[in-house]
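Right, one structure below, let's go through it.
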Amino acid sequence: MSQLLEFQRRLSSAVMQPLSRGDRMRRSARNQASMEREAEALVKPNSRLSSLERLEIYNQQYWFRILSCFAEDFPGLRAVVGRARFERLMRAYLAECPSRSFTLRNLGAQLEAWLRRNPEWIRAAERLALDMVRLEWAHIEAFDSACEPALTPAELERGLAGGRLNLQPYIRLLELRYAVDDLLIEVHNREHSEDTSSNAAQDRLTRSRVRSYAKPLPGAVYLAVHRSDDSVYYKRLEPVAYQILEAIGAGRSLTEALDALVAQSEGRGPDMISSVQQWFANWAELGWFCRPEPLLLARTSRYA
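To convert, count from 1 in the sequence shown and add 13; that's the numbering used here.
Here is the structure:
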């Protein structure tokens, strides 16, 4: 290992080490070594600050930044579990699942899996919290995932005739137990109104008054999370429509995708055909279908 690489790894380990309860730099490193001695080996002191004090500034700013970004990405989860528990939860999560990406956008990529391994953080509302996390992560992915050229009417007709279509890569399909889409919209609206008076993320983290939200009643919700004009939207789907889109997104043929109709269309033949025609017309208008090469699979997420 080169000296530069060793230095970079030691410095990043020190900067990314979790803060103490008082948001100060810990006095012992992960390997139980003295952080003061580690700082002296990495950072020169100056006339005003010791090596440890200088290193602490970077340690604090790193954590203040990722905590702020994480809180901004998951306001719905904070509304479900409450501010105090959320602050402890995100520190525990980020300590165990630190940033490994060049972009802070990926901070929450492992959150759902981590919560399933550590359900004590969401015990009071586990299913609701997991649904909310899945929706908030789908929102992040829908916002900046790729957008392929939408099919023209002629291309769509050929795709229908050829028996295969592809969904845009930014579309996320969710099968949920709770109407967390309505709850998240309410949270976003309240956060936006509060931000007009203060847009400091740290103010939101430390706000003493916690907003209370009505818990949604349980009930199956089928959702498409999609993007239009750089904004993310949540579109409710009929169960059969969800199954069709899920099959198309998984790369199945239209014949296979439409098999979902067989079991549910008994006695509703003409009505179901009309519904399917309207669904496809609406999806095409929204630009959800894209060219079939290369094969693009829409991600789906069912509750477990």
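Don't be surprised by glycine CBs; every beta carbon is placed ideally from N, CA and C.
Buried or exposed by the 16-neighbour rule on C-beta atoms within 10 Å, applied to residue 286: Classification for residue 286: exposed.
Residues in the same chain with beta-carbon distance under 7 Å from residue 195, minus the five sequence neighbours each way, listed in chain order, please. Excluding positions up to five away in sequence, the list reads 229.
Length at least 4, wholly inside the region 57–118: the alpha helix (DSSP H) runs in chain order: DSSP runs (the alpha helix (DSSP H)) wholly in the region 57–118: 64–86, 88–94 and 96–109.
Extent of the continuous beta strand (DSSP E) run through residue 252: It is not in any beta strand (DSSP E) - residue 252 instead sits in the alpha helix (DSSP H) that spans 252–262.
Does the region 23–31 come into contact with the region 69–84, if we say contact requires no fewer than three beta-carbon pairs (one atom in each stretch) closer than 8 Å? In short, these stretches touch, since the Cβ pair count reaches three.
Cβ-based burial, residue 198 [other Cβ within 10 Å; buried from 16]: The residue is exposed, with fewer than 16 neighbouring Cβ atoms inside 10 Å.
Coarse secondary structure for residue 51, derived from DSSP in three states: Reduced to three states, the DSSP call for residue 51 is helix.
Within 10 angstroms of the Cβ of residue 175, are there 16 or more other Cβ atoms? Answer buried if so, exposed if not. It is exposed - the Cβ of residue 175 has fewer than 16 other Cβ atoms within 10 Å.
Kindly give me the distance between the Cβ atoms of residue 181 and residue 303, rounded to whole angstroms, as I take these residues to be in contact under 8 Å. Right, their Cβ atoms sit about 5 Å apart.
Specify the secondary structure class of residue 229 as computed by DSSP and reduced to three states. Three-state result, residue 229: coil.
Are the region 242–255 and the region 164–179 touching by the rule of at least three beta carbon pairs closer than 8 Å? Contact fails: fewer than three Cβ-Cβ distances are below 8 Å.
Relative to the alpha-carbon of residue 52, which residue among 21, 81 and 34 has its alpha-carbon at the smallest distance? Ranking 21, 81 and 34 by Cα distance to residue 52 puts 21 first.
Pairwise C-alpha distance: residue 116 and residue 262: Going from the Cα of residue 262 to the Cα of residue 116 covers about 27 Å.
Quick one: using the 10 Å Cβ neighbour count with 16 as the cut-off for buried, is residue 301 buried or exposed? It counts as buried.
Let me know the secondary structure DSSP gives residue 161 once reduced to three states. Reduced to three states, the DSSP call for residue 161 is coil.
Using only the alpha-carbon positions, how far apart do residue 143 and residue 103 sit? So the two alpha carbons sit approximately 14 Å from each other.
Kindly give me the distance between the Cβ atoms of residue 189 and residue 234, rounded to whole angstroms, as I take these residues to be in contact under 8 Å. About 4 Å; that satisfies the 8 Å criterion.
May I ask whether a heavy atom of the ligand NAD can be found less than 6 Å away from the beta carbon of residue 255? With respect to the ligand NAD, the structure shown offers nothing to examine, as it has no ligands at all.
Taking the beta carbon of residue 185 as the centre, do at least 16 other beta carbons fall within 10 Å, making it buried, or is it exposed? By the neighbour-count rule (16 or more Cβ atoms within 10 Å), residue 185 is buried.
Taking the beta carbon of residue 291 as the centre, do at least 16 other beta carbons fall within 10 Å, making it buried, or is it exposed? Classification for residue 291: exposed.
DSSP state of residue 270, grouped into three classes? Residue 270 carries a helical assignment under DSSP once its states are collapsed to helix, strand and coil.
Give me the Cα-Cα distance between residue 213 and residue 271, rounded to the nearest whole angstrom. Low confidence applies here, because residue 213 scores a pLDDT of 47, under 50, leaving its location unreliable; read the following figure in that light. Put simply, the backbone Cα of residue 213 is about 49 Å away from that of residue 271.
Please say whether residue 92 and residue 200 have beta carbons closer to each other than 7 Å? Contact flag set, yes.
Per the DSSP calculation, residue 179 is bridged to which residue(s)? 303.
Quick one: what does DSSP say residue 120 is sitting in, helix, strand or coil? Under the three-state reduction of DSSP, residue 120 is assigned to coil, being neither helix nor strand.
Starting from residue 23, trace the alpha helix (DSSP H) in both directions and tell me its first and last residue. Taken as a continuous stretch (DSSP letters only), the alpha helix (DSSP H) holding residue 23 covers 16–29.
With 16 other CB atoms within 10 Å as the buried threshold, where does residue 298 fall? So residue 298 ends up on the exposed side.
Contact check, residue 137 vs residue 238, beta carbons under 7 Å: The beta carbons of residue 137 and residue 238 sit no closer together than 7 Å.
If contact is defined by three or more beta carbon pairs under 8 Å, each pair taking one atom from either stretch, is the region 80–88 in contact with the region 46–60? The region 46–60 is not in contact with the region 80–88.
Sequence-distant residues of its chain with Cβ nearer than 6 Å to residue 71 (five each side left out): Closer than 6 Å at Cβ, skipping near neighbours: 28.
Give me the Cα-Cα distance between residue 65 and residue 25, rounded to the nearest whole angstrom. Roughly 14 Å separates the two Cα atoms.
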